[in-house]
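Student:
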Amino acid sequence: MRLLSQVNLNSLKIVESAARHGNFTRAGEEQFITASAVSQRVKSLEDQLRFKIFQRGGNAVSLTPEGETYVSRVREALERIVAASMEATGQSQEHVLKISVLPTFAARWLFPRLPLFQQQYPDIVMRVSTSYATHELTASEFDLEIRYGDGHFHGLQSDLLFREDLTPVCSRKLFHEVLGDKRLSKVTPDDLKHFTLLHSDTCTQNWQSWLGFAGASFVLSETKSIYFDSCMMSYEAANSGMGFAVANRAYMASDIRAERLVAPFAVHHPNTAGWYFVSPLKGLAARKVQLFKQWVMAEAALTQSQLDNEIRGEASTAA
Numbered sequence: 001m002r003l004l005s006q007v008n009l010n011s012l013k014i015v016e017s018a019a020r021h022g023n024f025t026r027a028g029e030e031q032f033i034t035a036s037a038v039s040q041r042v043k044s045l046e047d048q049l050r051f052k053i054f055q056r057g058g059n060a061v062s063l064t065p066e067g068e069t070y071v072s073r074v075r076e077a078l079e080r081i082v083a084a085s086m087e088a089t090g091q092s093q094e095h096v097l098k099i100s101v102l103p104t105f106a107a108r109w110l111f112p113r114l115p116l117f118q119q120q121y122p123d124i125v126m127r128v129s130t131s132y133a134t135h136e137l138t139a140s141e142f143d144l145e146i147r148y149g150d151g152h153f154h155g156l157q158s159d160l161l162f163r164e165d166l167t168p169v170c171s172r173k174l175f176h177e178v179l180g181d182k183r184l185s186k187v188t189p190d191d192l193k194h195f196t197l198l199h200s201d202t203c204t205q206n207w208q209s210w211l212g213f214a215g216a217s218f219v220l221s222e223t224k225s226i227y228f229d230s231c232m233m234s235y236e237a238a239n240s241g242m243g244f245a246v247a248n249r250a251y252m253a254s255d256i257r258a259e260r261l262v263a264p265f266a267v268h269h270p271n272t273a274g275w276y277f278v279s280p281l282k283g284l285a286a287r288k289v290q291l292f293k294q295w296v297m298a299e300a301a302l303t304q305s306q307l308d309n310e311i312r313g314e315a316s317t318a319a
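Per full-length UniProt numbering: the sequence shown = residues 1 to 319.
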């Protein structure tokens, strides 16, 4: 057995990421390595420690009792290392904003806008973690989270950014290959029978929800389907011409405006759930949190206004 003093720091970061996501694939995406490499790193560390950190079960993993204790201590140690490094370089925690964001929200909406925040407030250092997991914010390292839900998060302040608005999208090229020159205003949900539907394991009910709302639930049993482990992958597949994905319109708006994607249906399914800015009440007074909240709420309001105008424009064109 190798000496425990030779434990690789990157392996500890990978284990912490896998524990937070409950999934080796998502941990690999965060650490920029493959799921197989994550598994190998975990196995090597388990061999050194002589106990199992994770219970494996399909795509998901969960911590063993020993793993729970171990990862908790590893996480504390990693936080101390970061804090010590920042102190050594003269960076104050007062200027470090630590946020946890859903991966698809981050990639499809937040990241394209985040440079604007950095330009306005260059003194604030961003630490962004992408995760599907929620955290006990009163005890975690994060100052805030962007969460999906109904807005009721016990003991936390939550402010709605925008609600989910589902609409099917596919590449413009695929649309014309299958339906020719058919006008978008003439397309009906029945036309989806001619396409492959792209599903996501993290948004399992979206197609059923949209098709039910459109009065076309029968389409599910009459089409081919491909399944992906995340919404992000289903969206990328739609962009690549593999089929139709049902997506939150705010995520795909830039692709639709650039005419990479088409959203041909007049049926928009507004969901009661949405994305929320969530933070502990005691942390709201911090300057870094206040500034980010003001900025992200303004960006979200602009997004909602643009979407509302586009939908109204489409409705008047169809009429």
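For each residue, glycine too, the CB sits at the ideal point set by N, CA and C.
Computed from a predicted model, the values in this text were never measured in an experiment.
Just the C-alpha distance for Leu-116 and Phe-292, rounded to the nearest angstrom, thanks.
Tutor: 11 Å
Student: Check each candidate in Glu-259, Phe-265, Asp-150, Arg-56 and name the one with the smallest Cα separation from Phe-213.
Tutor: Phe-265
Student: Determine the closest residue to Ala-253 out of Ser-44, Val-96, Lys-98, Pro-168, with distance taken between C-alpha atoms.
Tutor: Pro-168
Student: Determine the DSSP secondary structure at Gly-22, reduced to helix, strand or coil.
Tutor: coil
Student: Going by C-alpha distance, which of Leu-110, Glu-76, Lys-52 is nearest Pro-65?
Tutor: Per the Cα distances, Lys-52.
Student: For Ala-266, which of helix, strand or coil comes out of DSSP?
Tutor: coil
Student: Within a Cβ cutoff of 8 Å, which residues of the same chain sit near Gln-290, ignoring the five residues on either side of it in sequence?
Tutor: Leu-284
Student: Classify Lys-173 as buried or exposed, calling it buried when 16 or more other Cβ atoms lie within 10 Å of its own Cβ.
Tutor: exposed
Student: May I ask you to report which of helix, strand or coil DSSP gives Leu-220?
Tutor: helix
Student: Among the residues of its own chain, which have a CB less than 7 Å from the CB of Gly-241, if the five just before and after it don't count?
Tutor: Ser-171, Lys-173, Leu-174
Student: Report, in whole angstroms, the separation of the C-beta atoms of Arg-163 and Asn-309, which I expect to be a contact under 8 Å.
Tutor: Actually they do not touch by this definition, with Cβ atoms about 16 Å apart.
Student: Give the straight-line distance between the Cα atoms of Ser-221 and Leu-211, rounded to the nearest whole angstrom.
Tutor: 11 Å
Student: Out of curiosity, what's the CA-to-CA distance linking Val-246 and Leu-161?
Tutor: 20 Å
Student: What is the residue span of the beta strand (DSSP E) that Ser-62 lies within?
Tutor: Per DSSP, the unbroken beta strand (DSSP E) holding Ser-62 starts and ends at 60-63.
Student: When you compare the CB of Val-219 with every CB in chain C, is at least one pair closer than 8 Å?
Tutor: Any reference to chain C falls outside this structure, which holds one protein chain only.
Student: Could you tell me which of Asn-239, Leu-197, Ala-60 sits nearest to Arg-260, measuring between CA atoms?
Tutor: Asn-239
Student: Let me make sure I understand the geometry here. Which of Pro-122, Val-74, Leu-63, Phe-111 has the alpha-carbon closest to that of Val-96?
Tutor: Pro-122
Student: Does the beta-carbon of Phe-218 have 16 or more other beta-carbons within 10 angstroms, so that it is buried, or is it exposed?
Tutor: exposed
Student: Among the candidates Glu-68, Ser-225, Ala-77, whose CA atom is the shortest distance from the CA of Asn-10?
Tutor: Residue nearest to Asn-10 within the set Glu-68, Ser-225, Ala-77 is Ala-77 (criterion: CA-CA distance).
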